[in-house]
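Participant: Chains as they are written, first to last, in our numbering: chain W, 1 to 113; chain R, 114 to 223. Beta carbons: idealized from backbone N, C-alpha and C, even for Gly. Right, I'll just put the structure down here and ask away after.
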Amino acid sequence: TQLLEQSPQFLSIQEGENLTVYCNSSSVFSSLQWYRQEPGEGPVLLVTVVTGGEVKKLKRLTFQFGDARKDSSLHITAAQPGDTGLYLCAGSPPLYNFNKFYFGSGTKLNVKP
Amino acid sequence: EAQVTQNPRYLITVTGKKLTVTCSQNMNHEYMSWYRQDPGLGLRQIYYSMNVEVTDKGDVPEGYKVSRKEKRNFPLILESPSPNQTSLYFCASRLNNEQFFGPGTRLTVL
Chain W
1 TQLLEQSPQF
11 LSIQEGENLT
21 VYCNSSSVFS
31 SLQWYRQEPG
41 EGPVLLVTVV
51 TGGEVKKLKR
61 LTFQFGDARK
71 DSSLHITAAQ
81 PGDTGLYLCA
91 GSPPLYNFNK
101 FYFGSGTKLN
111 VKP
Chain R
114 EAQVTQNPRY
124 LITVTGKKLT
134 VTCSQNMNHE
144 YMSWYRQDPG
154 LGLRQIYYSM
164 NVEVTDKGDV
174 PEGYKVSRKE
184 KRNFPLILES
194 PSPNQTSLYF
204 CASRLNNEQF
214 FGPGTRLTVL
């Protein structure tokens with residue numbers, strides 16, 4: 001059983017559409033992070049959300065941390081082919097003080113031109 | 114250029130033949146970690162190190178060893194590899210909240 005559940009697992013959309021990826025847990029996290037991974041490369045950090053209810057924007061990407069700090073979402077507006085990749089959420093439970101990390105299973109996004 | 118490097122990038126070996134995957138970072142980070150990535154399971158943490166000579170188990174440490182004799186290097190050792198250790202391995206170093214990942218090592222154990 002994964003500590004962080006991501007949905008959907010796969011998403012194939014047309015350029016210009018909007019989408020939302022969810023990351024859910026029954027556990028509280030000190031913070032949640034979103035990474036993007038391209039084939040043949042390691043994950044790259046997109047954002048860290050720390051405060052319950054926090055919303056962060058990165059151009060067309062909007063990240064939200066749930067009020068109870070158990071879940072997060074990533075919303076992409078007007079998706080572009082360059083957004084194609086594997087999106088991973090990750091977090092460290094308070095007990096581990098950012099030493100032990102758990103990742104979701106990932107959402108594979110394909111944006112068709 | 115600030116980076117995490119791993120070697121080798123690809124490795125095919127046979128069951129029981131000891132191997133080491135090296136990891137090096139040039140950012141002077143105290144924290145380093147090893148993960149394995151398998152389809153449908155995301156990344157799972159194998160071991161982490163908070164500083165030189167300080168290491169601890171992650172979620173899936175069985176069958177692996179690590180050492181941290183100097184800050185920049187964090188090798189992953191498989192004393193007796195088995196087919197279920199076939200996977201994509203990532204090393205990472207961390208500063209504050211941000212982890213920096215290496216390019217990955219694809220290991221196949223026959």
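What residues are listed by DSSP as bridge partners for V55 (chain W)?
Facilitator: W:Q64
Participant: Select from W:Y87, W:T84, W:G85 and W:I76 the residue whose C-alpha is nearest the C-alpha of E17 (chain W).
Facilitator: W:I76
Participant: Quick check on Q116 (chain R): does DSSP put it in helix, strand or coil?
Facilitator: coil
Participant: Between the beta-carbon of T128 (chain R) and the beta-carbon of L220 (chain R), is there less than 9 Å?
Facilitator: no
Participant: Please determine if the segment 180 to 189 of chain R and the segment 87 to 107 of chain W are in contact, where contact requires at least 3 C-beta pairs separated by less than 8 Å.
Facilitator: At 8 Å Cβ cutoff, the stretches do not touch.
Participant: Opposite T20 (chain W) in the DSSP bridges: which residues?
Facilitator: W:H75
Participant: Starting from S7 (chain W) and walking both ways along the beta strand (DSSP E), at which residues does that stretch end?
Facilitator: E5 to S7
Participant: Using only CA atoms, which one of W:S31, W:F10 and W:P113 lies nearest to A79 (chain W)?
Facilitator: W:P113
Participant: Quick one: list the residues of chain W neighbouring F214 (chain R), beta-carbon separation under 7 Å, in chain order.
Facilitator: Here the neighbours are G42 and P43.
Participant: Any residues in the segment 158 to 171 of chain R with a beta carbon nearer than 8 Å to a beta carbon of chain W? Which ones, in chain order?
Facilitator: Q158, Y161, M163, D169 and G171
Participant: Excluding five sequence neighbours on each side, which residues of the same chain lie with their C-beta closer than 8 Å to the C-beta of R157 (chain R)?
Facilitator: Only Y148, R149, Q150, D151, G171, D172 and V173 meet the Cβ criterion.
Participant: Which residue or residues does DSSP assign as beta-bridge partners of Q150 (chain R)?
Facilitator: Q150 (chain R) pairs with R:L156 and R:L201.
Participant: Which residues share a DSSP beta bridge with E211 (chain R)?
Facilitator: R:L208
Participant: Check the Cβ-Cβ distances between V55 (chain W) and every residue of chain R, and say whether any is below 9 Å.
Facilitator: no
Participant: Could you tell me which of W:L74, W:K108 and W:Y22 sits nearest to K57 (chain W), measuring between CA atoms?
Facilitator: Proximity to K57 (chain W) across W:L74, W:K108 and W:Y22 peaks at W:L74, based on C-alpha coordinates.
Participant: Run down chain R in chain order and give the residues with a C-beta less than 8 Å from the C-beta of N99 (chain W).
Facilitator: Y144, Y161, M163 and D169
Participant: Hey, is L154 (chain R)'s beta-carbon within less than 9 Å of any beta-carbon in chain W?
Facilitator: yes
Participant: DSSP state of L220 (chain R), grouped into three classes?
Facilitator: strand
Participant: Roughly how many angstroms lie between the CA atoms of C204 (chain R) and D67 (chain W), to the nearest whole one?
Facilitator: Cα-Cα distance, rounded: 32 Å.
Participant: Look up G104 (chain W) in the DSSP assignment and say whether it is helix, strand or coil.
Facilitator: coil
Participant: List the residues that DSSP assigns as beta-bridge partners of K131 (chain R).
Facilitator: For K131 (chain R), which the question treats as bridged, DSSP gives no partner whatsoever.
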